[in-house]
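Asker:
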Amino acid sequence: MENKAIHEREVLDQFISSYSEFPNGRIFKTESPDFILAVNPRYKIGIELTHLHNPAEKNNTSYSAIQLTKDILNAVILKKEEKIPIYEKKKLDELWLIITMIEPGQMPNYNLNNKLESWTFNNSFTKVFLFNFIDFKIYQIY
79 MENKAIHERE VLDQFISSYS EFPNGRIFKT ESPDFILAVN PRYKIGIELT HLHNPAEKNN
139 TSYSAIQLTK DILNAVILKK EEKIPIYEKK KLDELWLIIT MIEPGQMPNY NLNNKLESWT
199 FNNSFTKVFL FNFIDFKIYQ IY
């Protein structure tokens, strides 16, 4: 479990370095969501991390090289959406989901920005990001 926590912190730190609009504040490691960013004593942002995987697979702990599609992305978002009642108990003002792509083969062969502009996803997150951990590009989905 310690390795998972270290990896999650590395991902978050790289995301913070790559996302110029990341708010200042104190970051606390939690579980469900993975982190809470206290922007000030009265404003908290929950940050949940996940990786791009096929939620239909029972073992989603390994990083498979599945390619990004709208259906896969939607399934990943919906899987995390199931935890919204748990997140709400933390009395958060915002809730962000960061989906990381780790494997080079996960990047699609098409223009991802164009596709993301046309894809829509219904969810309860304040913001959803796709974070390419290979080149540190961030795509805001929602």
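For the sequence shown, this note's numbering begins at 79 and goes up steadily by one. Ideal Cβ placement from N, Cα and C applies to all residues, glycine included. This structure is a prediction, so every number in the text was calculated from the model and none was measured.
#1: Here's the rule I'm using: 16 or more other beta-carbon atoms within 10 Å means buried, otherwise exposed. How should I155 be labelled?
#2: Could you please give me the residues that DSSP links to G103 through a beta bridge?
#3: How is H131 classed by DSSP in three states: helix, strand or coil?
#4: Work out the CA separation of A83 and Y220 for me, nearest whole Å.
#5: Pick helix, strand or coil for K82, following the three-state DSSP scheme.
#6: Helix, strand or coil for F203? Go by DSSP, reduced to three states.
#7: Could you pull the start and end residues of the beta strand (DSSP E) that E77 belongs to?
#8: Suppose you measure from the CA of L208 to the CA of Y97; what does that come to, to the nearest Å?
#9: Say the cut is 8 angstroms; is the CB of R120 nearer than that to a heavy atom of the ligand COA?
#10: Distance check for E109 and H131, CA to CA, integer angstroms please.
#11: With H, G and I counted as helix, E and B as strand and the rest as coil, what does DSSP make of N138?
Answerer: By the coordinates alone:
#1: buried
#2: According to DSSP, which records beta bridges pairwise, G103 is partnered with nothing at all.
#3: coil
#4: 26 angstroms
#5: Helix.
#6: coil
#7: The structure shown does not extend to residue 77, since the chain spans only 79 to 220, so no value can be given for it.
#8: Rounded to the nearest whole angstrom, the C-alpha separation of L208 and Y97 is 12 angstroms.
#9: The model on display carries no ligand, and the ligand COA is accordingly not part of it.
#10: 20 angstroms
#11: Because N138 carries a pLDDT of 48, less than 50, the predicted location of this residue cannot be relied on, and no value is offered for it.
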